[in-house]
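Notes follow once the structure below has been shown.
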Amino acid sequence: EAQVTQNPRYLITVTGKKLTVTCSQNMNHEYMSWYRQDPGLGLRQIYYSMNVEVTDKGDVPEGYKVSRKEKRNFPLILESPSPNQTSLYFCASSRQGRETQYFGPGTRLLVL
Amino acid sequence: GQNIDQPTEMTATEGAIVQINCTYQTSGFNGLFWYQQHAGEAPTFLSYNVLDGLEEKGRFSSFLSRSKGYSYLLLKELQMKDSASYLCVQTGANNLFFGTGTRLTVIP
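One line per chain: the protein sequences are X and P, in this order. According to the working numbering, the first sequence is numbered sequentially starting from 326. According to the working numbering, the second sequence is numbered sequentially starting from 5.
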C-alpha cells in the first residue's frame, strides 16, 4: 500500500530535550516536505527536499533541522524544543514539488 | 506566503450546493490545489487546476481564473460527511502555500 508514515504519532516532551520525528514514504517520490498546522494559521511549510541531499527552508524553518540521506526518509529534528513548537506536524511527499502531495497521518507534539 | 484568502467558516444544508471561494497572488503562480481535511486527520487531494476553466470530478468541481487570481470549489448534493475544512493551495516553483482553510459545516 502506497503511504507516508510518521512516528511517533503523539509526543509530550520538555523544553530543551532533543527529539526526532521520522517520516518515510514507499512511493519513490523525489519531493518531501514538513508542515506544521496551528489554529487560525493553516499549514505552514517548515522545510522541503527536492531529492537526496537537497533540502531548502520553507516559511518557518527556525528551530528545526532536516536531513535527506535516503530517498524514502526525511526526519524532522528539534535540537532544543520550546513551547512555541507545540503543534500538529505533517510530513508529505510527491513526485515533484508542484504535484499532488500525499500526507502522513500527523504527529501531535506538546512541549512543556 | 502568497496571501491566499478564503472564508473562515461556511454552513450549508444537506443536499444543497455550496461554493467556497479563494483568491491568491498571481505572481509566481504555477497551479492551484484544493484539499479536504477532516478534523484531526491529514489533508487529502480533491482537485488541481493549472489552466483557466472548470474541472469536474463527481460531486466536486473546481474553477480557476488565472488573470483574476481566483478559484472556487463547488460541492453539489452535500452530504453530512462533507463537513470538513477545505484548503486552497497555491503552488510556487518548488513549494506550496496553503490558505488557512474554510471550515464547512453541513446541517440536516
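Here a beta-carbon is modelled for each residue, glycine too, at the ideal position from N, C-alpha and C. Model, not experiment: these values are computed from the prediction.
Quick one: give me the first and last residue of the beta strand (DSSP E) that residue 447 of chain X is part of. Since the first residue shown for chain X is 326 and the last is 437, residue 447 of chain X is missing from the structure and cannot be characterised.
Would you report the Cα separation of residue 378 of chain X and residue 368 of chain X, rounded to the nearest angstrom? Whole-angstrom Cα-Cα distance: 24 Å.
Residue 105 of chain P touches chain X at which residues, Cβ-Cβ below 7 Å? Within chain X, the C-beta atoms nearer than 7 Å to that of residue 105 of chain P come from 367, in chain order.
Proximity below 9 Å, CB of residue 66 of chain P to CB of residue 76 of chain P: Yes, the Cβ-Cβ distance between residue 66 of chain P and residue 76 of chain P is below 9 Å.
For the segment 328-392 of chain X, list the beta strand (DSSP E) runs that are entirely contained and at least 3 residues long, ordered along the chain. 329-332, 335-338, 344-350, 356-363, 367-376 and 379-382, all fully within the segment 328-392 of chain X.
Do you know whose CA, among X/384, X/360 and X/405, lies nearest residue 348 of chain X's CA? Closest by alpha carbon: X/360.
Once the 5 residues before and after residue 63 of chain P are set aside, which same chain residues still bring their CB inside 7 Å of it? Same-chain partners within the cutoff: 79, 80 and 81.
For residue 86 of chain P and residue 110 of chain P, what's the separation of their Cα atoms in angstroms? Taking the straight line joining both Cα atoms gives about 7 Å.
Span of the beta strand (DSSP E) holding residue 3 of chain P? Residue 3 of chain P is absent from the structure shown; chain P starts at 5 and stops at 112.
Residue 329 of chain X beta carbon less than 9 Å from that of residue 350 of chain X: Their beta carbons are under 9 Å apart, which means residue 350 of chain X touches residue 329 of chain X by this criterion.
Just the C-alpha distance for residue 84 of chain P and residue 21 of chain P, rounded to the nearest angstrom, thanks. For residue 84 of chain P and residue 21 of chain P, the distance between alpha carbons rounds to 13 Å.
Determine the direct distance from the alpha carbon of residue 391 of chain X to that of residue 339 of chain X, and round the result to whole angstroms. Answer to the nearest angstrom: the Cα atoms are 20 Å apart.
Tell me whether residue 353 of chain X counts as near the ligand GTP, meaning its Cβ is closer than 8 Å to at least one heavy atom of that ligand. Although the ligand GTP was asked about, the structure shown includes no ligands whatsoever.
Simplified DSSP assignment, three categories, for residue 98 of chain P: Reduced to three states, the DSSP call for residue 98 of chain P is coil.
Kindly indicate which residue of X/387, X/342, X/412 and X/428 has the alpha-carbon position closest to the one of residue 399 of chain X. Nearest option by C-alpha distance: X/428.
Residue interval of the beta strand (DSSP E) (run including residue 433 of chain X): Per DSSP, the unbroken beta strand (DSSP E) holding residue 433 of chain X starts and ends at 432-436.
Helix, strand or coil for residue 56 of chain P, going by three-state DSSP, please let me know. Correct three-state label for residue 56 of chain P: coil.
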